[in-house]
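J.: Counted from 1, the sequence shown has number 171 at position 169 by the working numbering; the numbering is strictly sequential.
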Amino acid sequence: MNILNNKVALVTGSSSGIGAAIARLFAQEGARVVVHGRDTNAISSVQAQIESGGGKAMCVAADVTKFDEIESMRHQIERTFGPIDILVANAGQNLIMPGPFEEISEEGWHATINVNLTATFLTIKSFLPGMKERKAGNIITISSAAARRPTSRSPIPYTAAKAGIQVMTQIIAAQVGPYSIRANCITPETILTEGNQQRIPDEQKQALLDMHPIKRLGTPEDVARAALFLASDDAAWITGIIVDVAGGSVLV
Ligand SMILES: NC(=O)c1ccc[n+]([C@@H]2O[C@H](COP(=O)([O-])OP(=O)(O)OC[C@H]3O[C@@H](n4cnc5c(N)ncnc54)[C@H](OP(=O)(O)O)[C@@H]3O)[C@@H](O)[C@H]2O)c1
């Protein structure tokens, strides 16, 4: 069953990792998917994977910290696929390592807030007016378990930005519910993306795994399945929630 038939979905930051898994699953479920990132080779490769599986995709490059680039991406999508039904604002990254508060550089602070919180704000700002006009739309944002369970080892600017995304999503949900638009937020724990597979040494993977009541680390597909549920009509009465895709790690 293709539960996203006739839907157009933009997944920002789908050139790799979690975003690529969401893009592939949405396409399998019948959506026409916009694959986005800055790396043009990587987005073309995800588009090719989707098309080789019989799915429909286009790809667009844009820097989501720049509103004019997001606007031009939106125009390009609307010319090719028409207006989007589902926006997954997934692009983001942690730019500075955990450490004492006073050692955070101003530059690192601004860059991290910019690529996570501001980028999510600018992306939604571009697509929301059309959704309100059409009285339809579905927004999914991506925060992090880091912002659900702050500890002394949390990367501070990233955690603060992701906490901001959570509350921003809930305020949007409250504002746009009357327009039949839903907005929900997913908070993944450490996910075994290609990047994390390479970055995290095996001993640290084991230590991370031990922190989870469900004794394995998460995969991009775990996050994609949660996004699919939120994007589908099965979640038609669900808005303003924060979904921990975390193997229970935020409980302990
Ligand atoms: N992996 C985890 O353990 C984990 C856990 C919790 C939350 N998250 C969140 O989940 C999301 C995806 O993470 P991931 O691990 O899958 O990351 P990833 O593999 O590094 O992918 C990040 C994506 O964001 C895009 N991106 C970054 N900055 C951008 C910018 N300025 N303009 C446009 N695109 C930009 C990248 O595109 P290009 O490389 O093509 O520019 C890439 O597609 C992020 O928001 C991250 O904070 C991840």
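Don't be surprised by glycine CBs; every beta carbon is placed ideally from N, CA and C.
Nothing here was measured: the structure is a model prediction, and the numbers come from that model.
1) Counting only the same chain and skipping the five closest in sequence on each side, list residues whose C-beta sits under 8 Å from that of residue 186.
2) Residue 100: beta carbon under 7 Å from a heavy atom of ligand 1?
3) Give me, in chain order, the residues of the same chain whose beta-carbon lies closer than 8 Å to that of residue 1; leave out the 5 immediate sequence neighbours on both sides.
4) So, is residue 278 buried or exposed, given that buried needs 16 or more other C-beta atoms within 10 angstroms?
5) Take the Cβ of residue 152 as the centre, count every other Cβ of all protein chains shown within 10 Å, and call the residue buried at 16 or more, exposed below.
6) What's the call for residue 76, buried or exposed, on a 16-neighbour Cβ count within 10 Å?
7) By the three-class DSSP mapping on this structure, what secondary structure does residue 58 have?
8) Quick check: the Cα distance between residue 95 and residue 70, rounded to an integer number of angstroms?
9) Starting from the C-beta of residue 44, find all residues in its chain whose C-beta is less than 7 Å away, skip the five residues before and the five after it, and write them out in chain order.
10) Just list the beta strand (DSSP E) runs in the region 4 to 43, keeping only unbroken ones of 3 residues or longer that don't cross its boundaries, in chain order.
11) Got a sec? Which residues, its chain only, sit under 7 Å from residue 8 by beta carbon, not counting five neighbours each side?
12) In this structure, does DSSP put residue 219 in helix, strand or coil?
13) Would you identify the three-state DSSP class for residue 87, choosing helix, strand or coil?
14) What do you reckon, are the CB atoms on residue 12 and residue 86 nearer than 8 Å?
15) Here's a check: name, in chain order, each residue in its chain whose Cβ is nearer than 8 Å to the Cβ of residue 195, leaving out the five neighbours to either side.
16) Cβ of residue 47 less than 8 Å from any chain B Cβ?
17) If you reduce the DSSP assignment to three classes, tell me which class residue 254 lands in.
18) Drop a sphere of 10 angstroms on the beta-carbon of residue 253, count the other beta-carbons inside from all chains shown, and report buried for 16 or more, exposed for fewer.
19) CB of residue 54 to nearest heavy atom of ligand 1: below 7 Å?
20) According to DSSP, is residue 139 part of a helix, a strand, or is it coil?
21) Give a yes or no on contact between the region 54 to 62 and the region 116 to 136, applying the rule of three or more CB pairs nearer than 8 Å.
22) How about residue 159 and residue 84: do their beta carbons lie closer than 8 Å?
23) So the candidates are 93, 156, 168, 97; which of them puts its Cα closest to the Cα of residue 23?
24) Looking at residue 66: is its Cβ nearer than 8 Å to the Cβ of residue 114?
25) Can you tell me where the beta strand (DSSP E) holding residue 186 begins and where it ends?
T.: Here's the rundown:
1) Stepping through the sequence shown from its first residue, residue 186 is reached at position 184. The answer, listed in chain order, is 141, 142, 143, 171, 175, 232, 237, 240, 241, 242, 243, 244, 245.
2) Looking up residue 100 in the sequence shown gives position 98. Residue 100: no, Cβ never under 7 Å from ligand 1.
3) The structure shown does not extend to residue 1, since the chain is modelled only from 3 through 254, so no value can be given for it.
4) Since the displayed the chain opens at 3 and closes at 254, residue 278 lies outside it and no answer follows.
5) For the purposes of this step, residue 152 is identified with residue 150 of the sequence shown, where counting begins at 1. The residue in question, residue 152, is exposed, as its Cβ has fewer than 16 Cβ neighbours within 10 Å.
6) In the sequence shown, counting from the first residue as 1, residue 76 sits at position 74. Its Cβ being crowded by 16 or more others within 10 Å, residue 76 is buried.
7) Mapped onto the sequence shown, residue 58 falls at position 56. Strand at residue 58.
8) Against the sequence shown, residue 95 aligns to sequence position 93. Against the sequence shown, residue 70 aligns to sequence position 68. Taking the straight line from one Cα to the other gives about 21 Å.
9) Looking up residue 44 in the sequence shown gives position 42. Same-chain partners within the cutoff: 17, 18.
10) 10 to 13, 34 to 39
11) What you label residue 8 is simply residue 6 of the sequence shown in a count that begins at 1. Within the same chain, residue 8 has no close Cβ partners at all.
12) Translated into the one-based positions of the sequence shown, residue 219 becomes position 217. The answer is coil: DSSP assigns residue 219 none of H, G, I, E or B.
13) Residue numbering aside, residue 87 sits at position 85 when the sequence shown is read from its first letter. Here residue 87 sits in coil by DSSP.
14) Indexing the sequence shown from 1 puts residue 12 at position 10. Indexing the sequence shown from 1 puts residue 86 at position 84. Going by C-beta atoms, residue 12 is nearer than 8 Å to residue 86.
15) Along the sequence shown, one-based indexing puts residue 195 at 193. 18, 19, 20, 222, listed in sequence order.
16) The structure shown contains no chain B, having only a single protein chain.
17) Mapped onto the sequence shown, residue 254 falls at position 252. Residue 254: coil per DSSP, three-state reduction.
18) Translated into the one-based positions of the sequence shown, residue 253 becomes position 251. Label assigned to residue 253: exposed.
19) Counted from its first residue, the sequence shown places residue 54 at position 52. It does not: the Cβ of residue 54 is nowhere closer than 7 Å to a heavy atom of ligand 1.
20) As a position in the sequence shown, residue 139 is number 137, starting the count at 1. Residue 139 falls in the strand class under three-state DSSP.
21) no
22) By 1-based counting over the sequence shown, the position of residue 159 is 157. By 1-based counting over the sequence shown, the position of residue 84 is 82. In this structure, residue 84 does not lie closer than 8 Å to residue 159 by Cβ.
23) By 1-based counting over the sequence shown, the position of residue 23 is 21. When only C-alpha atoms are compared, the closest one is 93.
24) Locating residue 66 in the sequence shown gives position 64, where the first residue counts as 1. Locating residue 114 in the sequence shown gives position 112, where the first residue counts as 1. Not a contact, by the Cβ cut-off of 8 Å.
25) The residue given as residue 186 occupies position 184 in the sequence shown. Counting along the chain, the beta strand (DSSP E) containing residue 186 begins and ends at 183 to 190.
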